[in-house]
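Following: one structure in structure tokens, then a few remarks.
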Amino acid sequence: RPLLYSESGAPHEVQQHNYHYWTGAPPRMLQEQLVAYLRRSQIAHSVVTPDLRVRADYQVSGKIKRLERLLGGGPPRVFVEMELALVRLSNNSLVLVDSFTEEEPDTGDSVESAITALNRATGRLFDRFVVKATGAASRIAAQVLPPGSTTKTGVRR
46 RPLLYSESGA
56 PHEVQQHNYH
66 YWTGAPPRML
76 QEQLVAYLRR
86 SQIAHSVVTP
96 DLRVRADYQV
106 SGKIKRLERL
116 LGGGPPRVFV
126 EMELALVRLS
136 NNSLVLVDSF
146 TEEEPDTGDS
156 VESAITALNR
166 ATGRLFDRFV
176 VKATGAASRI
186 AAQVLPPGST
196 TKTGVRR
């Protein structure tokens, strides 16, 4: 898949770089980045992908809404927008669904610098998702658990 960009004067007109391609499909690459991020953050005992086909407590799903480099009309910059959802699988309840957007200046004049900027923006987007998801899951757990019960984190209510 080719790398895409748009000019600031024509933001709805997407163009492609002729000789620069993603090494894989962007949704798959972002899934791998999110899995690695969640594992490093130690947000859960384990983080697995759907292809492992093991039982999980929660599921994260998402959709890329915007992943682009904007050229012209000022310094180059990149935009990342994803809709991410967290679902508790025990009762199929929606814990969180939200759109997260990040913009990052592209400090260079190359595709490589744009990728670096996209990685920084994606990292911040994942930071925000984890903070919001953790807060939402904690609020739901506090409402559901009776006094004196223990959560998986070992915190008593």
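Numbering (the working numbering), first residue to last: 46 to 202. Don't be surprised by glycine CBs; every beta carbon is placed ideally from N, CA and C.
Buried or exposed for residue 198, please, with buried defined as at least 16 other CB atoms from any protein chain shown within 10 angstroms of its CB. Looking up residue 198 in the sequence shown gives position 153. Bear in mind that a pLDDT of 31 at residue 198, under 50, signals an unreliable position, so the model cannot answer this.
On the three-state DSSP scale, how would you describe residue 184? Within the sequence shown, residue 184 is the residue found at index 139, counting from 1. Note: residue 184 maps to helix in three-state DSSP.
Are there three or more Cβ pairs, one per stretch, closer than 8 Å when the stretch 69 to 87 is compared with the stretch 159 to 179? yes
Using three-state DSSP, classify residue 120 as helix, strand or coil. Your numbering for residue 120 matches position 75 in the sequence shown. Residue state, collapsed to three classes: coil.
Three or more C-beta pairs under 8 Å: does that hold for the stretch 120 to 131 against the stretch 140 to 157? The count of Cβ pairs closer than 8 Å, one atom from the stretch 120 to 131 and one from the stretch 140 to 157, reaches three, so the stretches are in contact.
Please report how far the alpha carbon of residue 89 lies from the alpha carbon of residue 134, in whole angstroms. Stepping through the sequence shown from its first residue, residue 89 is reached at position 44. Stepping through the sequence shown from its first residue, residue 134 is reached at position 89. Straight across, the Cα-Cα distance linking residue 89 with residue 134 is about 14 Å.
Determine, using beta carbons only, whether residue 111 comes closer than 8 Å to chain D. This model lacks chain D altogether, as it is built from one protein chain only.
From residue 65 to residue 105, what does the alpha carbon distance come to, in whole angstroms? For this step, residue 65 is matched to residue 20 along the sequence shown. For this step, residue 105 is matched to residue 60 along the sequence shown. Since pLDDT at residue 65 reaches only 48, below the 50 mark, its modelled position is unreliable, and the value read off the structure follows with that caveat. When rounded, the distance between both Cα atoms is 30 Å.
Quick check on residue 155: does DSSP put it in helix, strand or coil? As a first step, residue 155 is located in the sequence shown; it is residue number 110 there, counting from the start. DSSP places residue 155 outside both helix and strand once states are collapsed to three, so it counts as coil.
Contact check, residue 151 vs residue 123, beta carbons under 8 Å: Taking the sequence shown and counting its residues from 1, the one referred to as residue 151 is at position 106. Taking the sequence shown and counting its residues from 1, the one referred to as residue 123 is at position 78. Their beta carbons are under 8 Å apart, which means residue 151 touches residue 123 by this criterion.
Reference residue 94, options 86, 107, 77, closest by Cα: Here residue 94 corresponds to residue number 49 of the sequence shown, with the count starting at 1. With distances taken between Cα atoms, residue 94 lies closest to 77.
Residue span of the alpha helix (DSSP H) that contains residue 72, given as start and end: Stepping through the sequence shown from its first residue, residue 72 is reached at position 27. It spans 71 to 86 - the alpha helix (DSSP H) in which residue 72 sits, taken as one unbroken run.
Between residue 112 and residue 121, is the Cβ-Cβ spacing less than 8 Å? Taking the first residue of the sequence shown as position 1, residue 112 is located at position 67. Taking the first residue of the sequence shown as position 1, residue 121 is located at position 76. The answer is no: Cβ separation not under 8 Å.
Looking at the secondary structure, which residues open and close the beta strand (DSSP E) in which residue 146 lies? Locating residue 146 in the sequence shown gives position 101, counting from the first residue. It spans 138 to 150 - the beta strand (DSSP E) in which residue 146 sits, taken as one unbroken run.
In terms of DSSP beta bridges, what is residue 108 paired with? Here residue 108 is taken as the residue at index 63 of the sequence shown, counted from 1. 128.
Only counting the same chain, and skipping five residues up and downstream in sequence, which positions put a Cβ closer than 7 Å to that of residue 110? On the sequence shown, residue 110 is found 65 positions in, with the first residue counted as 1. For residue 110, where only same-chain residues beyond five positions count, the Cβ hits under 7 Å are 126, 127, 128, 144.
So what's residue 134 in DSSP terms, helix, strand or just coil? Your numbering for residue 134 matches position 89 in the sequence shown. Coil.
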